[in-house]
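**Q** Counting in the working numbering, the sequence shown runs from 36 upward without gaps.
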Amino acid sequence: MKSTTLRRSNITREKVAMMEALNRYNKTHMDEDFYGVQNKNRELDALWQSFGIKSQKSEKAPQVYFVTGLIVGVIITLVITTFVSLLINVSTPKEDVVAPIKKVSVGTGKFSFIPADSASSKKIATPIVTNEEYEVKEGDTLESIVIRFYGSFDMNKVNAIQEANKMANPNALSIGQKLIIPMNINQ
Numbered sequence: 036m037k038s039t040t041l042r043r044s045n046i047t048r049e050k051v052a053m054m055e056a057l058n059r060y061n062k063t064h065m066d067e068d069f070y071g072v073q074n075k076n077r078e079l080d081a082l083w084q085s086f087g088i089k090s091q092k093s094e095k096a097p098q099v100y101f102v103t104g105l106i107v108g109v110i111i112t113l114v115i116t117t118f119v120s121l122l123i124n125v126s127t128p129k130e131d132v133v134a135p136i137k138k139v140s141v142g143t144g145k146f147s148f149i150p151a152d153s154a155s156s157k158k159i160a161t162p163i164v165t166n167e168e169y170e171v172k173e174g175d176t177l178e179s180i181v182i183r184f185y186g187s188f189d190m191n192k193v194n195a196i197q198e199a200n201k202m203a204n205p206n207a208l209s210i211g212q213k214l215i216i217p218m219n220i221n222q
């Protein structure tokens, strides 16, 4: 280095000489350090293998967990449904079980019809008049009651309920009021 450069930087000649020597030392020993590190790595690998420690197990793919969970879920569902169906069969009384229908064989292939009595045919022909009673709840309207009992809205059905309950105003319902719902209306 030039002396003018040294004066400007406040570095003495001894410091410059020391830095140059350090630079030469680093260049010569850098190759040795590189090979020394590699040798140390080889030694560590050999020691590691001598302990018999194997590498970590590879993780299973997520598909394995999905399929396993699916199979376990199906098995648990089958067990639960079998258990519930057994409980239902055990708790069902034997009287409710319907007997199997026996087939009746006709030997001759001829049928004879016996006319019904006139008294029994009149009993069948007369419709049974049934009325249901309904207690009005909060939010009920006559329209919603008609739909609940008859399945659809029809003004004739509203009028029939009004006549059966002697109502003047179909909108004047009160909570707790009992209504008679005629069920013999032609639908």
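Using N, Cα and C, we set each Cβ at its ideal position, and we do this for glycine too.
(1) If you draw a straight line from the C-alpha of V171 to the C-alpha of G211, how long is it?
(2) Taking 8 Å as the cut-off, decide whether the C-beta atoms of E167 and M218 are in contact.
(3) Give me, in chain order, the residues of the same chain whose beta-carbon lies closer than 6 Å to that of K213; leave out the 5 immediate sequence neighbours on both sides.
(4) Distance, Cα to Cα, I123 vs K192?
(5) Starting from P97, follow the beta strand (DSSP E) in both directions and report where the run begins and ends.
(6) Quick one: using the 10 Å Cβ neighbour count with 16 as the cut-off for buried, is L177 buried or exposed?
(7) Residues in its own chain within less than 6 Å of F184 by CB, not counting five upstream and five downstream?
(8) Between which two residues does the beta strand (DSSP E) carrying N166 extend?
(9) Kindly indicate which three-state DSSP category I215 falls into: helix, strand or coil?
(10) Grab me the residues of I182's own chain with a C-beta within less than 8 Å of its C-beta, minus the 5 sequence neighbours each way, in chain order.
(11) Applying the criterion that 16 or more other CB atoms from any shown protein chain within 10 Å of the CB defines a buried residue, is A195 buried or exposed?
(12) Taking only the alpha-carbon atoms, compute the straight-line gap between I106 and S126 and give it to the nearest angstrom.
**A** Let's see:
(1) 5 Å
(2) yes
(3) E168 and E170
(4) 41 Å
(5) First-last for P97: P97 to S126, but that is the alpha helix (DSSP H), not the beta strand (DSSP E).
(6) buried
(7) I216
(8) N166 to E170
(9) strand
(10) F188
(11) buried
(12) 30 Å
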